[in-house]
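Counting in our numbering, the sequence shown runs from 67 upward without gaps.
The beta-carbon is built from N, C-alpha and C at its ideal position, and this holds for glycine as well.
If you're wondering where the values come from, they're calculated on a predicted model, not measured in any experiment.
Step one of this worksheet: look at the structure below.
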Amino acid sequence: MKTVSFQGDQLTPGQRRNLEFQQRSRQLFLKSVLQEQVQETLKAVEALKEQGAKPERLWFVERQETGTTCVAEWMGF
């Protein structure tokens with residue numbers, strides 16, 4: 067979220083109304099969208115649990131090595 071500082075400047079009443087409206091509508095929109103996404107994700111997780119599926123592996127080992135890696139192998143030669 068960006069912070070706006072109006073030190074030394076004055077907003078007209080119309081600009082002030084527009085700014086307040088934008089701030090309120092942004093908060094309400096983001097709040098409803100995030101709540102909806104969280105609910106959908108929780109439903110999907112519960113469905114997977116009921117099916118007995120294991121959680122998705124986000125991190126995995128590509129290869130296990132010991133010692134110093136050759137630069138040529140590292141670069142794909």
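Review point. Nearest-angstrom Cα distance between Phe143 and Lys120?
Key: The straight-line gap from Cα to Cα measures roughly 37 Å.
Exercise for review: Look at the alpha carbon of Glu128 and the alpha carbon of Ser91, and state the distance between them as a whole number of angstroms.
Suggested key: 45 Å
Review point. Can you tell me where the alpha helix (DSSP H) with Glu112 in it begins and where it stops?
Key: Pro79 to Gln117
Review point. What did DSSP end up calling Val127 once you bin it into helix, strand or coil?
Key: coil
Review point. Which stretch, first to last residue, makes up the alpha helix (DSSP H) that contains Glu197?
Key: No information on residue 197 is available, as it lies outside the stretch 67 to 143 that the chain covers here.
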